[in-house]
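Residue numbers (UniProt numbering): 1 to 343.
C-beta: ideal position from N, C-alpha, C; glycine also.
All figures in this text were calculated on a predicted structure; none of them were measured in a lab.
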């Protein structure tokens with residue numbers, strides 16, 4: 001009597017086959033459910049990590065801006081009218097404005113650097129790519145954070161402490177076309193009505209944009225960004241306050257940022273990259289301005305300090321690991337003592 005006969009008895013062969021097919025299908029279904037749950041758990045952990053990093057390192061969260069008193073910053077343009085309108089005077093105004101502007105931005109630079117360090121996968125990139133991503137993406141993230149403090153009828157940009165600069169003052173540093181595009185971007189972001197968790201996730205998507213000048217490992221950066229975009233699509237925990245963006249709203253958000261590529265259509269990446277300079281030239285202009293002034297130098301200095309600290313930590317861990325891995329030599333193993341014993 002065969003083993004199958006003992007197992008199934010008088011059960012017909014066709015019934016046994018159906019039972020086996022049902023068992024296999026159920027097993028595959030269970031595995032699919034487990035895979036889906038594992039993916040959802042990974043996305044939840046990613047959302048939680050980025051959200052916590054945003055709340056800790058962003059000066060523009062709802063909690064920190066609640067009750068914030070706004071006040072004019074830097075100076076009034078009227079203060080310079082008595083100095084004359086010559087080229088030297090205008091150039092001096094720009095220099096002074098940039099100095100004050102950099103001073104107000106410095107605390108935000110430190111916080112965005114700390115935020116980037118907490119994004120899962122960011123620290124695994126090469127140090128050159130990390131530096132370029134932060135340096136080239138800082139302004140875009142900062143503008144997105146500061147946008148929530150700009151009302152529809154206001155022509156100001158507000159810093160973390162409530163100090164604000166007017167549109168006229170910004171036009172003194174930049175040109176009219178850039179300022180117009182800048183405030184249009186602020187209006188587009190505010191129209192999406194993003195909460196803090198969504199702003200944190202979207203800020204990480206902006207930072208992890210591989211279409212940057214001088215980037216080396218595009219594939220690794222795209223992989224991290226794809227996970228962050230998935231986190232934006234998938235509804236999160238209500239406790240996190242991240243309900244998730246529907247596909248249409250996500251596309252609208254990515255389009256409003258004028259920064260992120262549509263990763264679902266790799267064939268059109270090259271065409272989008274070619275049109276990037278035409279469509280979003282004001283951000284490239286801003287990047288060039290940043291690299292020419294103290295703000296870019298501050299970002300680079302902070303990143304270099306961070307890299308130096310990380311190298312020191314790694315060296316310290318290697319030394320400790322080496323000490324623990326080396327077996328302690330006993331007195332009997334000492335060749336000098338062995339020779340003395342033999343004598």
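{"Asked": "What are the start and end residues of the beta strand (DSSP E) that includes residue 176?", "Found": "Residue 176 -> not in any beta strand (DSSP E); alpha helix (DSSP H) instead, spanning 176 to 191."}
{"Asked": "Using beta-carbon positions only, say whether residue 155 and residue 115 come within less than 8 Å of one another.", "Found": "no"}
{"Asked": "Pull up the DSSP beta-bridge partners for residue 71, would you.", "Found": "163"}
{"Asked": "Give me the Cβ distance between residue 65 and residue 231, rounded to the nearest whole Å; I'm assuming they're in contact under 8 Å.", "Found": "Not a contact, Cβ separation roughly 24 Å."}
{"Asked": "Just to confirm the assignment, what range does the beta strand (DSSP E) spanning residue 156 have?", "Found": "156 to 158"}
{"Asked": "Using a Cβ-Cβ cutoff of less than 7 Å, which residues in the same chain neighbour residue 220 once the five nearest sequence positions on both sides are dropped?", "Found": "125"}
{"Asked": "Could you check where the alpha helix (DSSP H) with residue 219 kicks off and where it finishes?", "Found": "218 to 233"}
{"Asked": "Enumerate in chain order the residues of its own chain whose CB-to-CB distance from residue 84 is below 7 Å, with the five nearest sequence positions on each side excluded.", "Found": "Because the pLDDT of residue 84 is 47, which lies under 50, any placement of that residue in the model is unreliable, and the number read from its coordinates should be weighed accordingly. Excluding positions up to five away in sequence, the list is empty."}
{"Asked": "Got a sec? Which residues, its chain only, sit under 6 Å from residue 174 by beta carbon, not counting five neighbours each side?", "Found": "none"}
{"Asked": "Residue 212 and residue 132 look like a contact to me (Cβ under 8 Å); what is the Cβ gap, rounded to whole Å?", "Found": "6 Å"}
{"Asked": "When you compare each of 217, 172, 191 and 190 to residue 92 by their alpha carbons, which one comes out closest?", "Found": "172"}
{"Asked": "Count the other C-beta atoms from every protein chain shown that fall within 10 angstroms of the C-beta of residue 129, then say buried if there are 16 or more, exposed otherwise.", "Found": "buried"}
{"Asked": "DSSP three-state label for residue 126, please.", "Found": "coil"}
{"Asked": "Whose C-beta lies closer than 6 Å to the C-beta of residue 200 among residues of the same chain, with five residues either side of it excluded?", "Found": "50, 51 and 54"}
{"Asked": "Between residue 118 and the rest of its own chain, which residues show a CB-CB distance below 6 Å, the 5 nearest in sequence each way excluded?", "Found": "53"}
{"Asked": "From the DSSP output, in three-state form, read off residue 59 for me.", "Found": "coil"}
{"Asked": "Please state if the CB of residue 143 and the CB of residue 73 are separated by a distance shorter than 8 Å.", "Found": "no"}
{"Asked": "Going by DSSP in three states, residue 132 sits in which element: helix, strand or coil?", "Found": "helix"}
{"Asked": "So residue 157 and residue 170 are in contact, right, with Cβ under 8 Å, and what is the actual spacing, rounded?", "Found": "7 Å"}
{"Asked": "For residue 140, does the count of other Cβ atoms within 10 angstroms reach 16, so buried, or fall short, so exposed?", "Found": "buried"}
{"Asked": "So, helix, strand or coil for residue 212, using DSSP?", "Found": "coil"}
{"Asked": "Evaluate residue 247 with the Cβ neighbour count: other Cβ atoms within 10 Å of its Cβ, from every protein chain shown; 16 or more gives buried, anything less gives exposed.", "Found": "Residue confidence is low: residue 247 scores 49 on pLDDT, short of 50, so the model does not pin down where it sits. No coordinate-derived value is stated."}
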